[in-house]
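Participant:
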Ligand SMILES: *[C@@H]1O[C@H](CO)[C@@H](O)[C@H](O)[C@H]1NC(C)=O
């Protein structure tokens with residue numbers, strides 16, 4: 034057979050050899066590609082393994098070291114039992130040594146991480162710093178000798194900030210971030226780095242490098258995320274003050290599930306420079322940095338110590354507004370909005386009771402409480418997905434290209450980040466028809482990305498409109514603040530967050546509108562709450578899962594969120610302190 038082309042003729046033989054050459058080249062390329070992929074994945078696995086071993090070894094070494102240099106158990110426990118204010122006073126007046134306080138917390142942290150896996154590694158430089166503190170003469174800084182733990186994504190000089198992703202192993206940070214520098218300047222001693230879920234975009238607690246963190250109140254349950262290790266370590270008594278990040282609830286969810294306090298400030302109030310996040314480009318709804326602590330005094334001390342000229346000088350994008358004691362110490366009665374149902378899925382009975390009890394306390398203290406209806410929560414959720422996944426999740430998939438994807442993250446990763454748009458639509462259809470819930474579809478379609486700059490500008494306008502609507506709603510009711518559930522439910526079994534992920538509306542609402550939000554432990558799940566759970570409405574798939582996974586949660590902590598308009602951190606803290614004081618008084622009387 035002959036093919037006749039215009040300029041030359043091709044016979045069978047030539048055609049055959051051309052085909053063979055093409056096929057050979059193609060298969061060479063393909064197998065090269067496949068081999069390269071296998072090789073890369075192999076290298077990544079080796080790297081993960083080595084990093085994990087180094088981390089375990091460092092923790093073990095610290096344990097061995099403390100065997101030689103630790104405190105007596107009695108002395109240790111006296112220090113560990115001190116609330117923040119007492120600890121600070123005693124460090125200030127010299128009746129406690131910084132080194133002893135450090136030893137006490139080091140030893141407790143190393144002890145609890147054995148079962149809970151909340152610590153990634155110790156910060157070895159802490160010792161030298163504590164000794165320097167004890168040798169210091171003259172006026173002491175406010176955080177003098179106070180040990181602080183840091184979420185692994187906080188840049189600390191000489192340590193990797195991986196966010197649970199192998200790609201960032203062996204990239205030691207050249208410098209401390211602005212918050213770490215300011216904390217040190219104020220006398221604090223960073224002493225432990227804590228765990229987080231891979232990519233930090235789920236409220237799970239596991240990654241292939243450091244493994245899975247468990248809940249200090251029930252190790253079969255999760256601590257929430259993504260500041261998982263912080264919530265867990267402070268909840269277990271191994272740290273008195275810590276720092277994390279929050280783009281959709283990552284400070285507040287673990288605070289709620291582990292029963293600790295936290296504050297997510299307005300983004301901009303304190304520096305966010307030098308924290309590892311995969312979505313730094315998503316500036317419309319950016320991540321916040323903030324403190325977690327055992328009590329409200331810890332949060333107040335942290336904010337007072339950070340809002341100083343040292344930080345304003347290091348990060349000039351932060352408005353130089355110092356801590357305003359006149360707002361924090363004010364006693365003026367306020368008008369406070371409340372809700373227990375965000376208008377998408379109701380919170381479980383224990384969370385509802387938490388809000389009710391706080392409401393009663395505030396009313397008793399002379400405030401006016403008014404029921405508040407959250408405007409269009411579906412829109413808030415859609416905006417969140419549009420803003421945070423605007424690039425169609427490309428940064429995420431790039432960051433995880435050759436990585437081992439954590440089992441707790443696989444489903445989320447596949448559905449939100451990897452799946453093509455048509456599959457997201459099919460999944461959305463499933464949620465709508467089988468799950469009786471139209472919202473996941475909006476979120477999934479939004480996660481397919483924004484297609485053009487003009488569409489992106491449209492999102493900006495929508496976001497501004499939503500924020501304005503929320504503001505007007507608060508104005509119409511003359512509200513100074515809002516209280517709402519700490520989350521939709523208490524801690525659930527490990528690895529199940531994906532099945533209930535719509536609950537994130539309870540926290541990411543305040544990221545979308547960029548309001549400061551604090552979280553305070555107020556009660557624990559009771560038998561009565563558990564009985565009432567039987568009547569929990571299960572119209573949607575998520576709600577069904579929440580009901581199922583919430584069973585057996587008696588005794589778990591329940592928080593309430595305190596929220597105020599942008600830059601009113603002091604007002605949030607004032608209300609938290611008021612309620613905390615009333616609860617403590619009530620406990621003492623009963
Ligand atoms: C230091 O402060 C603590 C707590 O306020 C107090 O109990 C203690 O007596 C003080 N010690 C000294 C040496 O002033």
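Residue numbers (this note's numbering): 34 to 623. Glycine included, C-beta positions come from ideal geometry on N, C-alpha and C. All values derive from a computational prediction rather than experimental measurement.
#1: Using only the alpha-carbon positions, how far apart do residue 252 and residue 266 sit?
#2: Should residue 304 and residue 273 be called a contact, given that it needs their Cβ atoms to be closer than 8 Å?
#3: For residue 623, which residues in the same chain have their Cβ closer than 7 Å to its Cβ, ignoring the five residues on either side in sequence?
#4: Please classify residue 136: does DSSP put it in a helix, a strand, or coil?
#5: Any residue with its Cβ nearer than 7 Å to a heavy atom of ligand 1 should be included. What is that list in chain order?
#6: Residue range of the alpha helix (DSSP H) that residue 463 falls in?
#7: If residue 224 sits next to residue 159, beta carbons under 8 Å apart, how far is it from one beta carbon to the other, in whole angstroms?
#8: Would you give the residue range spanned by the beta strand (DSSP E) that residue 278 belongs to?
#9: What three-state label does DSSP hand residue 296 in the structure shown?
#10: Are the CB atoms of residue 461 and residue 424 nearer to each other than 8 Å?
#11: Could you tell me whether the Cβ atoms of residue 286 and residue 257 are closer together than 8 Å?
#12: Is the segment 231–240 touching the segment 329–344 in the sense that three or more CB pairs, one from each, lie closer than 8 Å?
#13: List the endpoints of the continuous beta strand (DSSP E) containing residue 516.
#14: Using DSSP bridges, identify the partner residues of residue 245.
#15: Can you list, in chain order, the residues of its chain whose CB lies under 6 Å from that of residue 73, leaving out five sequence neighbours each side?
#16: Once the 5 residues before and after residue 92 are set aside, which same chain residues still bring their CB inside 7 Å of it?
#17: Kindly list the residues whose CB is nearer than 7 Å to the CB of residue 541, restricted to its own chain and excluding five residues on each side of it in sequence; keep chain order.
#18: Is the Cβ-Cβ distance between residue 319 and residue 340 less than 8 Å?
#19: Check this for me: beta carbons of residue 3 and residue 308, under 8 Å apart or not?
#20: Going straight from the alpha carbon of residue 609 to that of residue 357, what length do you get?
#21: Less than 6 Å between C-beta atoms, sequence neighbours within five positions excluded: which residues of the same chain meet that for residue 203?
#22: Under three-state DSSP, which class holds residue 119?
#23: Whole angstroms are fine: how far does the CA of residue 346 sit from the CA of residue 454?
#24: With DSSP run on the structure shown, which of helix, strand or coil describes residue 169?
#25: Whole angstroms is fine: what's the gap from residue 182's alpha carbon to residue 276's?
#26: Compute the minimum distance between the beta carbon of residue 192 and the heavy atoms of ligand 3, and state whether it is under 7 Å.
#27: Could you compute how far the alpha carbon of residue 211 sits from the alpha carbon of residue 190?
#28: In three-state DSSP terms, what is residue 253?
#29: Starting from residue 382, trace the beta strand (DSSP E) in both directions and tell me its first and last residue.
#30: Could you spell out the range, first to last residue, of the alpha helix (DSSP H) harbouring residue 178?
#31: Is DSSP giving residue 34 helix, strand or coil here?
#32: Here's a check: name, in chain order, each residue in its chain whose Cβ is nearer than 8 Å to the Cβ of residue 577, leaving out the five neighbours to either side.
Facilitator: So, from the listed chains and residues:
#1: 13 Å
#2: no
#3: none
#4: helix
#5: 119, 122, 123, 126, 127, 128
#6: 454–466
#7: 4 Å
#8: 274–279
#9: strand
#10: no
#11: yes
#12: no
#13: 514–518
#14: 239
#15: 435
#16: 143, 146, 152, 154, 155
#17: 281, 282, 417
#18: no
#19: Since the displayed the chain opens at 34 and closes at 623, residue 3 lies outside it and no answer follows.
#20: 16 Å
#21: none
#22: helix
#23: 45 Å
#24: coil
#25: 7 Å
#26: Judged by which ligands are present, ligand 3 is missing from the structure shown, whose ligands are ligand 1.
#27: 11 Å
#28: coil
#29: Segment 382–397 is the alpha helix (DSSP H) holding residue 382; no beta strand (DSSP E) there.
#30: That residue, residue 178, is in no alpha helix (DSSP H); it is neither H nor E in DSSP.
#31: Here residue 34 scores only 49 on pLDDT, less than 50, and its place in the model is too uncertain to base an answer on.
#32: 571
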